[in-house]
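**Student:** One structure follows; several queries about it will come next.
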Amino acid sequence: MSEIRPSARLVDPVGSGQSASSLSGLRCLVLGGGGFLGLNLCNRLAEAGAEVTCFSRSHPQAEVLDRRVARVVGQFADRLALANAVDRQDIVFHLIAGSVPESSNRDPNAELSAAPIATLHLLEICRAARIKKLVFSSSGGAIYGIPRAIPISEQAPTDPISAYGISKLMIEKSLHLYRHLHGIDYQILRIANPYGRFQLGTKHQGLIGSYIYRVLTDQPLEVWGTGSVVRDFLHIDDVSDAFLGAVDYQGPHKVLNVGSGRGLSVHQVITELKVAFGRDDLPCVHRPSRAADVPANVLDTALIRSELGWQPRVPLQTGLTGTIAWMRAHLAQSLAAGTPTGAS
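For the sequence shown, UniProt numbering gives the first residue as 1, with consecutive numbering after it.
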C-alpha cells in the first residue's frame, strides 16, 4: 500500500448548477475512487471542503484528480490495507462493484463470493473504527430485475436477473443487518445509468460513454436486440449531488433511487447523439439480445426529491456535448502520450 498527494488540477467540470454544501473538515474515504463514479465524487468532495482519500487498486491519472485528494493504492480484499484506509475516517463511500450485469452471469459463484464477502469485512472494520456513516452505491437497474410497473419505486420487488444485481442486494441486506446489530448508520443510493467525464467508454458498461467512444474512434454503434430497450440516464454531476446530499441526511429512508425519471430507448439515445455530434447518421451493427437486459428500467425519484431536495439539473444535450468534448480531449491526450485509450 502506498500513499501520495498528487499535484493535479480539476478537469472540465460541467457543473450541475447546484452549489456544493460545505463539508469542511469532514474526513471522507472513497472506496473505488479511481473509477468513473469515484473520480468525480472525490473531486466534488474536495471542492466542498472535505478531507478526501481515494482508495483504488491502481493509481488514477494525476491530471484528473484534485490535488487535495490523498491517494491510497490497495485491494478491496486486503483487510489490512482497508483497515488502515478506514482508520480515523468520518464517512466511507462504498463504490466498489464486482463486474457488470452481463458478464456476472458467466460466473455467478465468483461474483457472489467477491464484493459481498469483502463488504462484510469492511463493515467489521467500520464498526471497530466507529465511522459516522457508510454510503453505498447500489444499482437502480440490476437490483429490481424485470419491473412490474414503470417508473420503479424503492418499494418495488427486488428480483435481479443477474448475479451482479444479486451481489448488490446482498450488500444492501448486510448494511441493514449491521445497523440492526451494531448501529452503523448507512445510506443506499440506487443509481440509474450515469454518464459523463472520466467514463472511458471502453468497458461493457455505460451505453452513452461506449457510444461516444465508438463514434470518436470510427466504430459502429452496437445495438443489442431491437434497440427498444429503455433505460434511465443521468449526468455524473447529478449523481455527485446525490452523494453529497446523502452525507447529512438523517431521515428514515435508507434506500433512495437516483435517476432522471425519464426513459430513453437505445434508438432515442442514438437520435440524441446525432444531434450532439451534428451528424445525420451514425452507423450501427446489430447484435443478439442479452439475457441480463431487462426490457425497461426508469426510476421513480419522488422520494429523493422530497427527502434531500435533490433533482437532476444537467439537461441531456448539455451533458452529451460536455462528455463528447471531454472524451475527444482524452483520446487526443492518450494518442499524444502513446498510451492505450482504455487506460485509466
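From the three backbone atoms N, C-alpha and C, an ideal C-beta is built for every residue, glycine too.
Predicted model only: the values in this text are computed from it and were never measured.
Whose CA, out of V275, C54, H330, H59, lies closest to the CA of Y213?
**Tutor:** Measuring from the Cα of Y213, the nearest candidate turns out to be H330.
**Student:** When the Cα of L175 is compared with those of G165, R148, P116, which residue comes out closest?
**Tutor:** Residue P116 holds the alpha-carbon nearest to the alpha-carbon of L175 among G165, R148, P116.
**Student:** Name the one or two DSSP bridge partners that G263 has.
**Tutor:** Paired residue(s): D232.
**Student:** Report yes if the CB atom of I236 is closer than 8 Å to the CB atom of Y186, and no otherwise.
**Tutor:** no
**Student:** What first and last residue would you give for the alpha helix (DSSP H) that runs through N84?
**Tutor:** 79 to 86
**Student:** Might you give, ordered along the chain, the residues of its own chain that have their beta carbon closer than 6 Å to the beta carbon of A8, omitting 5 neighbours on each side?
**Tutor:** Bear in mind that the predicted position of A8 carries a pLDDT of just 33, short of 50, making it unreliable; the figure below should be weighed with that in mind. So the list reads A62, E63, L65, R67, once near-sequence residues are dropped.
**Student:** Considering A115, what are the terminal residues of the beta strand (DSSP E) in which it resides?
**Tutor:** Not the beta strand (DSSP E): A115 falls in the alpha helix (DSSP H), residues 115 to 129.
**Student:** Less than 8 Å separating the beta-carbons of V229 and F277?
**Tutor:** no
**Student:** Using three-state DSSP, classify E307 as helix, strand or coil.
**Tutor:** helix
**Student:** Skipping 5 residues on each side, what residues in its chain have a beta carbon closer than 7 Å to that of D238?
**Tutor:** S16, P312, R313, V314.
**Student:** Can the beta-carbon of P60 be found less than 8 Å from the beta-carbon of R71?
**Tutor:** yes
**Student:** Hey, S258 and I304 are a contact pair by Cβ (cut 8 Å); roughly how many whole angstroms apart?
**Tutor:** Note that residue 258 is Val in the sequence shown, not Ser. Indeed they touch by this definition, with Cβ atoms about 6 Å apart.
**Student:** Determine the burial state of H94: buried for a count of at least 16 other Cβ atoms within 10 Å of its Cβ, exposed for fewer.
**Tutor:** Looking at its Cβ environment, which holds 16 or more other Cβ atoms inside 10 Å, H94 is buried.
**Student:** Suppose the cutoff is 8 Å on Cβ atoms and the five residues either side in sequence are ignored; what does the same chain contact list for G251 look like?
**Tutor:** E307
**Student:** Starting from the C-beta of D281, find all residues in its chain whose C-beta is less than 8 Å away, skip the five residues before and the five after it, and write them out in chain order.
**Tutor:** By the criterion of a C-beta distance shorter than 8 Å, D281 is surrounded in its chain by K274, once the five residues flanking it on both sides are discounted.
**Student:** Please tell me whether C28 and I131 are closer than 8 Å, where the distance is taken between their beta carbons.
**Tutor:** no
**Student:** List the endpoints of the continuous beta strand (DSSP E) containing H286.
**Tutor:** 284 to 287
**Student:** Indicate the three-state DSSP secondary structure (helix, strand or coil) for T323 in the structure shown.
**Tutor:** helix
**Student:** How is the alpha helix (DSSP H) around L181 delimited, first residue to last?
**Tutor:** 163 to 182
**Student:** Verify whether the separation of the beta carbon atoms of L299 and G140 is less than 8 Å.
**Tutor:** yes
**Student:** For D159 and A292, I'd like the C-alpha separation in whole angstroms.
**Tutor:** Near 12 Å, if we compare the C-alpha coordinates of A292 and D159.
**Student:** Where does the unbroken alpha helix (DSSP H) through N40 begin, and where does it stop?
**Tutor:** 36 to 47
**Student:** Note the first and the last residue of the continuous beta strand (DSSP E) segment covering L256.
**Tutor:** 255 to 258
**Student:** With a Cβ-Cβ cutoff of 8 Å, do E111 and Y144 count as a contact?
**Tutor:** no
**Student:** Measure the alpha-carbon distance for P6 versus T53 and round it to whole angstroms.
**Tutor:** Because P6 carries a pLDDT of 35, less than 50, the predicted location of this residue cannot be relied on, and the following value inherits that uncertainty. Taking the straight line joining both Cα atoms gives about 12 Å.
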